[in-house]
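All remarks here apply to the structure that follows.
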DNA sequence: CCGGATCCCCTGAGATACTG
DNA sequence: CAGTATCTCAGGGGATCCGG
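Below, the structure is given as structure tokens:
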């Protein structure tokens, strides 16, 4: 990579942005985080098990891990009640809600373009079929 | 999980939306897909190796896999030139660009809230320290 | 009886070497 | 240069056990 700047700009990507992607988007881009955000945004405050059910197909281990990460990032608030049947519930913080809002555009995109994606997948499958 | 609907509403989440999340967002939520989208959006048409360089730290295997998935979903167009030094380049389709635009809100959120996240992480670290 | 921690297994990501 | 094959190993899923 000594003389690669003939056709490329000197600073191809904003390094700060790349750092941002790695440290922020990386953890958040996890699909379980996105699903948890979505569910918590729609349902509000939820208990651990219930949240897991609504997220569909997540294991407790991953649920715990995802929620811990989200808590560490300040996206959810974790409340533990010291009662005999243990009760822990999770709720989005303001930061979490704002991230959910930011993802809104993506949900809308998905809804608007599901047909296009389906078509693209079918076309790709057909193409690779005979290739 | 046979009798889980005692405390739950009949249809807790729009099943169509959940299906959407699983089939569409799942593949797209992959961090490499997001980075590839970002890079291709900024740089336009790129060759395989160059794209890998700009994405920073991705292996060829994952790059190939990510690009194949994106091609299957109609997000990128793959062009193969039958020349002696093989040349393949990738460019966002209209669908891919629209997805990139949808993610714009997320990038903006990340930039706007990086400080808040940093603070939350520090606070969480401090809290878990003595716990 | 719920939240979650731990153990084990297996998929899948990363690095390397090789081919067209 | 673009992509595949192979190996290795971290990380995710499932079951089970523990603390409150």
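Protein chains in written order, with the working numbering: chain A, 21 to 151; chain B, 21 to 151.
We put the CB at the ideal spot given by N, CA and C, even for glycine.
What you are looking at is a predicted structure, and each value in this text was computed from that prediction instead of being measured.
Counting only the Cα atoms, residue 78 (chain A) lies some 19 Å from residue 98 (chain A).
Contact between residue 86 (chain A) and residue 109 (chain A) does not hold, since the beta-carbon distance rounds to 15 Å and is not under 8 Å. Look at residue 118 (chain B): its C-beta is under 8 Å from a C-beta on chain A. Taking C-beta separations shorter than 7 Å and ignoring five residues to either side along the sequence, the partners of residue 115 (chain A) in its chain run 94 and 95, following chain order. By the CB criterion at 8 Å, residue 44 (chain A) and residue 130 (chain B) fall inside the cutoff. Unbroken beta strand (DSSP E) stretches of 3 residues or longer found wholly inside the region 48-112 of chain A: 96-101 and 107-112, given in chain order. Of all residues in the region 71-104 of chain A, only 73, 74, 76, 91, 92, 93 and 94 come within less than 7 Å of chain B when Cβ atoms are compared, listed by chain position. Spatial neighbours of residue 80 (chain A) in its own chain (CB-CB distance under 7 Å, excluding positions within 5 residues in sequence) are listed in chain order as 72. Its chain contains 52 as the residues whose beta carbon lies nearer than 8 Å to that of residue 82 (chain A), once the 5 sequence neighbours on both sides are disregarded; these appear in chain order. At a cut-off of 8 Å, the C-beta of residue 107 (chain A) has no neighbouring C-beta in chain B.
Listed along chain B are 121, 122, 123, 124, 125 and 126, each with a C-beta nearer than 9 Å to that of residue 125 (chain A).
Residue 61 (chain A) is outside the set of residues whose beta carbon lies under 8 Å from a beta carbon in chain B. For residue 39 (chain B) and residue 46 (chain B), the gap between their C-alpha atoms comes out near 10 Å. Counting only Cβ-Cβ distances below 7 Å, residue 144 (chain B) has contacts in chain A at 91 and 92, in chain order. Between residue 56 (chain A) and the set A:102, A:111 and A:105, the nearest pair of CA atoms involves A:111. Comparing alpha-carbon positions, the option among A:106, A:118 and A:92 lying closest to residue 67 (chain A) turns out to be A:106.
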